[in-house]
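The block underneath contains the structure these notes are about, expressed in structure tokens.
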Amino acid sequence: AKHADCHTLFKKLTGKDMRSFKDLNVSYKPEDGKKRFPGVVVSIRELVNLPIVVKDFETGIKTEQGEDRCIVAIEMNGEPKKFFTNSEEMKNILLQVKDMPDGFPFETTIKTETFGKGRTKYIFT
């Protein structure tokens with residue numbers, strides 16, 4: 459049995475060159491309109507005191523921990539990763555950065571700060 463050369467056959471039958479998928483410039487557009495970020499989900503605890511690049515974020519994400527979570531797309535050592543946060547402070551800062559021209563990406567180091575009765579919050583520095 460011979461292998462068919464589909465490109466040649468297509469051109470012979472239609473008179474057109476077959477287009478490559480990457481030339482079509484299409485991508486998945488989720489029905490919920492939310493962005494999907496590459497990389498593994500990491501705990502924010504794993505990122506403390508390490509330099510990261512914040513690339514983008516999406517709010518209003520439903521997780522097992524609750525409804526209105528924020529997912530943050532980051533890069534660490536050149537690898538894409540993401541983490542969830544419910545920190546009002548972080549969400550507020552990310553929204554402010556979004557409104558700036560050229561706000562993203564930005565470099566930061568996440569630190570922990572203790573408040574109240576031994577509670578911990580995570581902050582960009």
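The numbering of the sequence shown is the numbering used here, which starts it at 459 and goes up by one.
All C-beta atoms in this analysis are idealised placements derived from N, C-alpha and C, irrespective of residue type, glycine included.
query = Can you tell which of 516, 582, 573 and 548 has the C-alpha that lies nearest to the C-alpha of residue 490?
reply = Here residue 490 corresponds to residue number 32 of the sequence shown, with the count starting at 1. Nearest C-alpha to residue 490: 516.
query = If we count Cβ pairs, one from each stretch, closer than 8 Å, do we get three or more for the stretch 549 to 558 versus the stretch 492 to 499?
reply = no
task = Specify the secondary structure class of residue 481 as computed by DSSP and reduced to three states.
result = Translated into the one-based positions of the sequence shown, residue 481 becomes position 23. Correct three-state label for residue 481: helix.
ask   = For residue 558, does the three-state DSSP call read helix, strand or coil?
value = Along the sequence shown, read from residue 1 onward, the residue named residue 558 stands at position 100. Three-state DSSP puts residue 558 in coil, outside helix and strand.
key: With 16 other Cβ atoms within 10 Å as the buried cut-off, status of residue 541   = For the purposes of this step, residue 541 is taken as residue 83 along the sequence shown, with counting starting at 1. It counts as buried.
message = Counting beta carbon pairs with one atom in the stretch 530 to 544 and one in the stretch 501 to 509, are three or more of them shorter than 8 Å?
response = yes
ask   = Got a sec: is the Cβ-Cβ distance from residue 504 to anything in chain D below 8 Å?
value = Among the chains in the structure shown there is no chain D, since it carries only a single protein chain.
inquiry  = Nearest by alpha-carbon distance to residue 579: which of 552, 566 and 544 is it?
reply    = As a working mapping, residue 579 is identified with position 121 in the sequence shown. Here the closest residue by C-alpha is 544.
Straight-line Cα distance separating residue 569 from residue 522 = Counting from one through the sequence shown, the residue named residue 522 turns up at place 64. Counting from one through the sequence shown, the residue named residue 569 turns up at place 111. Using only the alpha carbons, I get a separation of about 25 Å.
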